[in-house]
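Residue numbers (the numbering used here): 66 to 419.
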């Protein structure tokens, strides 16, 4: 009986009934612009209701969104190890509906602490879905594709050696505007950061530079894919402690690509034999979209050529762990936060999606 009362109380906490004021608690990385888009209100309205917000937003600050809230919205805060499949069963809602109500899941996946909307409100708009595209191959020259007209919100993933000045020139906005839309870059412009760009000029919808281009949207791993990812991870991790052996593909010794080749064989995926060839398999994604089961690649030979690969075993807000066969220690678990791997990181590929 006590559990039942607690459950009912929690449900009422999650439901936002009509009340005098609709508020929002500021999360890390949010801006007035992103909050205005979320609630379909203007930035000027937010500033009028929250005069102090004109000077900047503090994490956990409570903003007034409107004077009245006319609809109910059921939400769920994601905890560790939860999946879309689990949420769909728990709340009797389809995975496709969850994706429609929470568009960011498509490109970023579920994150611990993320608030997932479970019912539709007329006060919120669902952005139009973009079709997944395969990454383009290397090209030496910049190639202009389709033009976008009028005011547009576009996204850009920070590449090595890019600067805020260069991005401001590329997208014809000021550095101040860039920082206002993306507060997380005020102190550092980190490679792999996904930026929001607002421009009133015509810009290139896609620019092909001297490397593979990220697709516009990343397919989420299906429930079957998640099971396959766990199976591959279990196979690779069962070899922890096995020594490194050049050309090795079994328990007598593995090289890095041999470990991947052997592990993926267990789910009927035959990878190429070298790490550089494996880097061409699947879809290249940005760091913030990484999930368990993705391949992660490095260039450790003093050039930009990929020569090392690992399998992602764990993803958290500030870290990505991967199992791999290193020349010095054999099969081990490492982290991209380690200086050596952070310095030599190149890309992440999604091979398992279904």
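Using N, Cα and C, we set each Cβ at its ideal position, and we do this for glycine too. Only a predicted model underlies this, so the values are computations on that prediction, with no experimental measurement involved.
Since residue i contacts residue j with CB under 8 Å, what's their CB separation in whole angstroms?
i	j	result
residue 173	residue 164	Residue 173 to residue 164, Cβ: 12 Å. No contact.
residue 307	residue 388	Going by Cβ atoms, the distance from residue 307 to residue 388 rounds to 11 Å, so no, they are not a contact pair.
residue 380	residue 343	That belief does not hold up - the Cβ atoms of residue 380 and residue 343 are roughly 20 Å apart, past 8 Å.
residue 409	residue 365	5 Å
residue 305	residue 240	Not quite, the Cβ-Cβ distance comes to about 46 Å (not below 8 Å), so this is no contact.
residue 321	residue 374	5 Å
For residue i, which residues from the same chain have a beta carbon less than 7 Å from its beta carbon, with the 5 sequence-adjacent residues on both sides left out?
i	result
residue 152	141, 163, 181
residue 341	370, 371, 372
residue 107	101
residue 259	220, 222, 351, 353
residue 255	223
residue 314	323, 326, 327
residue 251	244
residue 160	149, 150, 153
residue 230	240
residue 367	none
residue 158	183
In the DSSP assignment, what are the bridge partners of residue i?
i	result
residue 315	318
residue 90	127
residue 181	141
residue 220	261
residue 409	Bridge partners of residue 409: none, in fact.
residue 375	361
residue 394	Partner(s): none; residue 394 has no beta bridge.
residue 436	No statement about residue 436 is possible, as the shown extent of the chain runs from 66 to 419 and does not include it.
residue 384	381
residue 309	319
residue 400	386
residue 414	349, 360
When the Cα of residue i is compared with those of the options, which residue comes out closest?
i	options	result
residue 97	87, 293, 118	118
residue 293	341, 338, 314, 358	358
residue 338	229, 331, 326	326
residue 147	175, 131, 169	175
residue 391	376, 385, 384	376
residue 87	94, 394, 399, 103	103
residue 125	93, 382, 237	93
residue 257	289, 177, 384	384
residue 234	262, 247, 248, 288	262
residue 287	227, 406, 417	417
residue 178	166, 157, 144	144
residue 333	345, 114, 290, 386	290
residue 228	183, 248, 406, 253	253
residue 156	130, 114, 166, 183	183
residue 386	393, 403, 394	403
CB-CB under 6 Å to residue i, same chain, minus the five flanking residues each way: which ones, in chain order?
i	result
residue 318	308, 310
residue 412	349, 362
residue 203	Bear in mind that the predicted position of residue 203 carries a pLDDT of just 41, short of 50, making it unreliable; the figure below should be weighed with that in mind. None.
residue 425	This structure cannot settle anything about residue 425, because the visible part of the chain is limited to 66 through 419.
residue 415	347, 348, 350, 359
residue 114	129
residue 394	none
residue 249	94
Excluding the five sequence neighbours on either side, which residues of its own chain have a C-beta within less than 8 Å of the C-beta of residue i, listed in chain order?
i	result
residue 331	296, 297, 300
residue 64	With the chain represented from 66 up to 419, any question about residue 64 goes unanswered, as that position is not in the structure.
residue 225	256
residue 72	Summary for residue 72: the model assigns pLDDT 42, below 50, so the residue's position carries little reliability; its value from the coordinates is reported in the next sentence. Nothing listed; no residue qualifies.
residue 406	363, 399, 400
residue 312	320, 323
residue 247	94, 96, 258, 260, 261
field: beta strand (DSSP E) segments (min. 3 residues) lying fully within the stretch 332-357
entry: 348-350
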